Structure formats: structure tokens, C-alpha cells
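For reference, the structure discussed in these notes is given below.
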Amino acid sequence: MVKTAKGINIPLNRAEGDLEIRVEVNNGVVTESWSSGTMFRGFEAMMQGRGALDGLVITPRVCGICSLTHLTAAVEALDAITGIKPPDNARRLRNLALMVETIQSDIRQAVLMFMADFANQNRYHDHPLSEEACNRYSPLTGRAAIEVIRESKRLLQVVAIIGGQWPHTSFMVPGGVTSIPEISKILQCRIIIDRFRTWYERSILGCPIERWQQIESEEDLHGWLLEKESHRESEVGFFLRFARQANLDTFGRGPNRYLSFGNFPLPVETDVQGHDGRMNRAGYASATDVSSFDPEKVTEDLSHSWYEQGSAPAHPFSGRTKPYASGQSGELYSWIKAPRYNGEVVETGPLAEMIIDGNPLFIDMIKQNGPNILVRELARLVRPAHLLQPMSIWVNELLNKREESFYHSVTTIPDGEGAGLIQAARGALGHWLKVEDEKIVHYQIITPSAWNGSPRDASGARGAWEEALIGTPIRDIKNPVEAGHVVRSFDPCLVCAVHCLQKGSSQGILKMGLNR
Amino acid sequence: MKASIICIGNRFVAGDEAGLLVFDRLQNRPEIPEGITVIEGGLAGLNLLSLLETGGRVVFVDAVKGFKGSSGVVIVEHEEILGSTSQLHFDHGAGLPYLLAVLPRVCDGELPEEIMLVGLEGECTSEMIEHAADISLTVAAHGLKGLT
């Protein structure tokens, strides 16, 4: 007998207050899903008519988690309009700051948000590693949870040093950066990064980064896990053991198509390796078949979003953001637009970066099992291993080349259009900007969570995590941790908005049932 | 005692911008008393931890809900902030209670001697923002004793 869950609303802890995931469950398996962003933000309209440089101050305040990321995209859009390439030292400082923000986000998300669910006693009381999971991840008392907060806080001092202001720095400007750090400050950054790396290797990886990078296949990974107790007891080792026993490698598939805008423009002279002028390659992948990225293929579909409808999906340079929530009841269900690449639904984030960069371990994992929760979250947890080495190189290059330029003069912003396309912690982030008479006439932002958490498009194709939810087994409809794992493996970030102190504050809702 | 006034909130969301309106008002004051630092905390959340490791008195300014029956300014003490929610876990909107709950566990320096919140409830009139700015400076300089 088919059993269908009806109209049960369940709090999804640690989801955003403006994210609603609604699913249909039949015989204990998710058969349909809808992802709804419930807050209109409207930054694009807010930017129109402002001074050309205002994006540098306003967009970092779009998000409290990715403040520097928005600053980076904003300044790259302006760089593109001016046509002036920042000097190498400015590249190094900008990249360092963005890497710090990415790393702190990665380890906080993995341990404080994703692995915190492993300490959910209602769901995992019978898991063989349950007790240890509570010791590690219980909020406020978990050993790993506290360590991650302390270490990420210490690492963020690098941004305060580089940016000269904390929080909300706007140290990136067209043509470079606003200040030249003293040698002592650069040395301080090196000490902080080295200390963080020591902790990351000991606690998160359980081995030196060089050893981790030798892992090139599922088989290697299995061998690494068996090799040493320090590997098994590290956060990566524990994650693998817990997640496999919880079958997190068996669901949460998603579209199996990936997008990365590429990241970290390389200085002209540097020892850091990359592709096409960037450390991380830009690209599109269908499974593990990677092809080049064409920015003209990015469009936004509005067919299921609460916006004034246009005739066809539009490129962000010509896209509109006119809220219109009336009519078509039920068909429109989100304030998030539906970004598409060449008309297709794609996933973005650390897993996409690993595949498009040709990381042999993740390519093998996708070939062996396809995408799933485990591989997606693992990519996030180990991404810092790929960032810490270049960070050390760039800090040393700054020490050796501090007498060189940090800024190329930009006196005016000419008329024109430019895009800042980068990888945020959660994936592809784009700012598309048009300037006339030194005023902003057009601004469009597509965030990673818009790619991953989009609603359906005109063809009816589900967004990435809507698709990933299909087939998810739900053991207890009153405690749907499995659906939470799927959505959280994408690291949803939709708000960073209303956070005022409220007695008995509300939670995000996962709605399960037939009624949208 | 040195003091920090940390104004938090989102100036792009109606109802959540109160703390930053107070920040703007304080910025326009001709003089902030010596020893008091005014900081735009914005949405930094957990990233404010580094500002709470140098002892002294810390006064947060933020919008609040459910603390007063009507619009107005309210002082919320440290313990009441911690007790205002049972949701003491991290998320992208992790708020003040989480920040203060985790602080003693991760502090690398000196914990603040006093922590309090100047809360703005309801619609923020210009008078209310001015009042909150005055109160913030008073409690930053003298603690709660300054209000008696």
C-alpha cells in the first residue's frame, strides 16, 4: 500500500528562516520537492542610480558570511569596466582575504552545521558512532565544534590585518587595494596561516596536506583510512566512517552537472599554478566530462519566481528584477530566480570545483558512485587543503616583493559593462554591472544558492537541490534528518538578513506533504 | 573602564536596521567620550568574537522583538540575552545569544567585564534612535548605574 505523508510541518533546524523546502513522501521516500526562497531582497534595484563605486560598500553587506566574496565580485566587475589589471601584490592580497573567508566558511559549515546533525540523538541514537559524534559536534560542548570556532576566529585575523578594518572592510578598489601592509603585518599573517595549517592537518585531515593530496581514488581513500589511527580519528576520517554507516553515499544525487566560474586570478609572476590565468579553472561539467565556460550561456529563468514575467530567460546583463507576486497561484513559488547554464540545471560549490579542476579523487568518486551527500560534503571539508599551500606562497611573495606596486591609479569609471565572476564558498557568484556617467544603471547578482536552490524553470526542470532530494529515504517523518542532510550538503545561504534578538525565535520549515 | 558600542543588524531589511541607524547617529555626534569605541557590527555574527576579547564593557545595540509591550528602547542584560532563546546552535543567522554563549569557550584574551544590549523594539522613530544613542553612550560610560 502506498503511504503518502500529508501536510505535516516539521522544523528544519539550522535552515535559514527564509528557506522553505517542501517535499512529498511516498512509502518513506521523497518523490517530489519544491524549494522556496521566501524573502525578496532587491539589491539590484537598490543599486540603480548610485555612484559607480557604491557596490564596493553596499554589496559586502549583502551577506554576513560572504562579505569579502561580494566585495571581490564587485571590484572585479569594476576592474573589467576600467580595463586596468591590478598589480600582482593586489592580486595576492585580494586572493588571500578571499581564501581566508572560504576556509572559515568551509570548516564552520562542515562541523557546526552539517556534522552537528550526527549528534541528533532522535535520529542517530542507534548509530555505532553516536556517542562519539555527540562528544565532537554537540552545539556549545562538542570538542570539534569549539575548536572550529576558535581556530576560524584566529584565522580571520588575517583579513583584519589585510583589510585594515574589521568587520566590513572595503579594502579592494578598482586598480588594486587601498593600503600596503607593513612587513611585520605580513609576517604576522604568515604565522597565523602556519598555525592554522598545523591545526587543520592535525585535527581535520589527521595527516600532512601532502599526504592527503596523494589520494587519487576511492581505493586510495580506503587505504588512507586504514593506514593510521590519526586518519580515522581526524574529522575527515570520522566523517567518512559515520557517513558511510549512515548511507550518506547512497542519496542526494542532484543534476550531476557542474559549474565553476573559476577563482583566484594569478599574479603575472607567481609560483602558484593554475589554468588560464586563474588558480581554479572555470568550466562546466556533465558528470566528469569537463568543457570550457562561456559566460554568455548564463541566463535567469523567471517562470516559477515571483517576478514580472518576460518572454524568455535573459542574460544577467539584460535581466530584470521586478517583483510581482500576484496571480498564477501555486505556479510561482520562490523569490529566487532560476539561473541556468546553456538552459541546464547545474550544481555549483566545492564538488563542482574539484571536478572541473580535475581532482582525481573526486572524479573517481563520481565515476564510481555518482554524486551524493558524502562526496559533496567531503569536497567542502578538504577544500582548505588546496588553499593553504597557495596562501603560504603568496604571503612569502608579498614579503619578497613588498616594494612593488599594490595599486594602479583609476581616476574615473568609464561608461561600460563588466562582470565579476568568482567562486564564493558556496559556489559560482556573479555581479553584472553597467555604468553610465559614473552611475550604476544596471546591477544583477546571481548567488551560489540561487544556482543550487532555484525553483523549476519553464521546462519544469527542478533546481539542483530540489532534484537532489528526489529518492531521499525518510526514516521518521517527524525528524527528517535525511532531507536536511541533502539540502545542507549544498550549504544553503539565503539570508544573512533578519537576525534581531527575538524571544523564542522561529525556525526554517521543512514542509512535508501534498499541499504546496 | 573602556567600552565598545557594537551596533548590529541589517540596514537593508526593514525592522532589522535599528542598530545601524543608531550607529549612524553616533557617527554624527561631534564627540564620543574618550575610551568609548563605536563599531558597525552589521551582520558579522560570530565574526564579532575578536572584538570581545579585550575586557571592558560591551554594549550591543540591535532591534529586538518580544521584550516590550510597545515600541521603545529596552536594556537587556547579559543573562537575559542568553536566556532569550533555546536555539543555541550555529547557523548563517546565528545571533547574539549564540555569540555570547560560545564566547567564554573560545576567548583568547580577556572576557568583557560587562555585556548588555540596548534594544529597539517596534517602529524606530527619529526620537527613539536618538534616545537609544544617548542610552548607549550612558551605559557604555557608566554601566547600568548610569541610568539610575
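Sequences listed follow chains S and Z, in order.
Counted from 1, the first sequence has number 374 at position 374 by UniProt numbering; the numbering is strictly sequential.
Counted from 1, the second sequence has number 102 at position 102 by UniProt numbering; the numbering is strictly sequential.
Beta carbons: idealized from backbone N, C-alpha and C, even for Gly.
Bear in mind that the values here come from a model prediction, so they are computed numbers and not experimental data.
Check                                                                                                                                                                                                    : Outcome
Since I believe glycine 42 of chain Z is in contact with arginine 426 of chain S (beta carbons under 8 Å), could you give me their beta-carbon distance rounded to a whole number of angstroms?          : Rounded, the Cβ-Cβ distance is 20 Å, inconsistent with contact.
Do proline 112 of chain Z and leucine 48 of chain Z count as a contact pair if the criterion is CB distance below 8 Å?                                                                                   : no
Of the choices S/Gly370, S/Thr72 and S/Asn372, whose alpha-carbon is the least far from that of valine 57 of chain S?                                                                                    : S/Thr72
Is there a Cβ from chain S that is less than 8 Å from the Cβ of asparagine 47 of chain Z?                                                                                                                : yes
Within a Cβ cutoff of 6 Å, which residues of the same chain sit near leucine 388 of chain S, ignoring the five residues on either side of it in sequence?                                                : Arg197
In the stretch 4 to 70 of chain Z, which residue ranges form an unbroken alpha helix (DSSP H) of at least 4 residues, counting only runs that do not cross its ends?                                     : 18 to 27
Mind listing the chain Z neighbours of leucine 156 of chain S? Cutoff is C-beta to C-beta under 8 Å, in chain order.                                                                                     : Asn47 and Ser50
Got a sec? Which residues, its chain only, sit under 7 Å from glutamate 344 of chain S by beta carbon, not counting five neighbours each side?                                                           : Arg257
Please work out which residues of its chain come closer than 8 Å, Cβ to Cβ, to glycine 42 of chain S, disregarding the five sequence neighbours upstream and downstream, and give them in chain order.   : Thr321 and Pro323
Taking the beta carbon of alanine 145 of chain S as the centre, do at least 16 other beta carbons fall within 10 Å, making it buried, or is it exposed?                                                  : buried
How close, in whole Å, do the beta carbons of alanine 352 of chain S and leucine 259 of chain S come, if the pair is a contact with beta carbons under 8 Å?                                              : 6 Å
How far does the alpha helix (DSSP H) with tyrosine 284 of chain S in it reach, from first residue to last?                                                                                              : Where tyrosine 284 of chain S is concerned, there is no enclosing alpha helix (DSSP H), although the beta strand (DSSP E) it sits in stretches over 278 to 286.
In terms of DSSP beta bridges, what is asparagine 263 of chain S paired with?                                                                                                                            : S/Asn280
Nearest CA to the CA of cysteine 493 of chain S: which residue from S/Ala428, S/Ala314 and S/Tyr284?                                                                                                     : S/Ala428
Do leucine 225 of chain S and leucine 248 of chain S count as a contact pair if the criterion is CB distance below 8 Å?                                                                                  : no
Of the residues that make up the stretch 95 to 117 of chain Z, which ones have a beta carbon closer than 8 Å to any beta carbon in chain S?                                                              : Gly95, Leu96, Pro97, Ala101, Val102, Arg105, Val106, Asp108 and Leu117
For the beta strand (DSSP E) that serine 130 of chain S lies in, which residues bound it at each end?                                                                                                    : Serine 130 of chain S -> not in any beta strand (DSSP E); alpha helix (DSSP H) instead, spanning 130 to 137.
Between which two residues does the beta strand (DSSP E) harbouring glycine 420 of chain S extend?                                                                                                       : 416 to 424
Anything in the stretch 68 to 95 of chain S with a Cβ closer than 7 Å to a Cβ of chain Z? List those residues in chain order, please.                                                                    : none
On the three-state DSSP scale, how would you describe valine 29 of chain S?                                                                                                                              : strand
Helix, strand or coil for threonine 125 of chain Z per DSSP?                                                                                                                                             : coil
Expressed to the nearest angstrom, what Euclidean distance is found between the alpha-carbon atoms of alanine 133 of chain Z and valine 22 of chain Z?                                                   : 6 Å
Is the beta carbon of alanine 18 of chain Z sitting closer than 8 Å to the one on leucine 120 of chain Z?                                                                                                : yes
Here's a check: name, in chain order, each residue in its chain whose Cβ is nearer than 7 Å to the Cβ of tryptophan 212 of chain S, leaving out the five neighbours to either side.                      : Leu205, Val382 and Ala385
Give, in chain order, every residue of the stretch 164 to 182 of chain S whose Cβ lies closer than 9 Å to some Cβ of chain Z.                                                                            : Trp166, Pro167 and His168
Could one say the Cβ of isoleucine 146 of chain S lies closer than 8 Å to chain Z's Cβ atoms, at least one of them?                                                                                      : yes
Can you tell which of S/Ala483, S/Glu466, S/Gln423 and S/Gln368 has the C-alpha that lies nearest to the C-alpha of glutamate 76 of chain S?                                                             : S/Gln423
Give every residue of the same chain whose Cβ lies closer than 6 Å to the Cβ of cysteine 189 of chain S, excluding the five residues on either side of it in the sequence, and list them in chain order. : Val158, Ile161 and Val395
Could you pull out every residue in the same chain whose Cβ sits closer than 6 Å to the Cβ of lysine 68 of chain Z, ignoring the five residues on either side in sequence?                               : Val74 and Glu121
Would isoleucine 8 of chain Z be called buried (16 or more neighbouring beta carbons within 10 Å of its own) or exposed?                                                                                 : buried
In terms of residues, what are the limits of the alpha helix (DSSP H) holding aspartate 106 of chain S?                                                                                                  : 88 to 108
Measure the alpha-carbon distance for proline 480 of chain S versus threonine 38 of chain S and round it to whole angstroms.                                                                             : 21 Å
Counting only Cβ pairs nearer than 8 Å, list the residues of chain C close to glycine 41 of chain Z.                                                                                                     : Absent from the structure is chain C; the protein chains it does hold are S and Z.
Please tell me whether arginine 11 of chain Z and isoleucine 129 of chain Z are closer than 8 Å, where the distance is taken between their beta carbons.                                                 : no
Whole-angstrom Cβ separation of glycine 142 of chain S and alanine 110 of chain S, contact assumed at under 8 Å?                                                                                         : So it is not a contact: roughly 13 Å between Cβ atoms.
Taking only the alpha-carbon atoms, compute the straight-line gap between serine 505 of chain S and isoleucine 81 of chain Z and give it to the nearest angstrom.                                        : Reliability fails at serine 505 of chain S, whose pLDDT of 44 lies under 50, so the model's placement of it is uncertain and the value that follows must be treated cautiously. In a straight line, the C-alpha of serine 505 of chain S is about 12 Å away from that of isoleucine 81 of chain Z.
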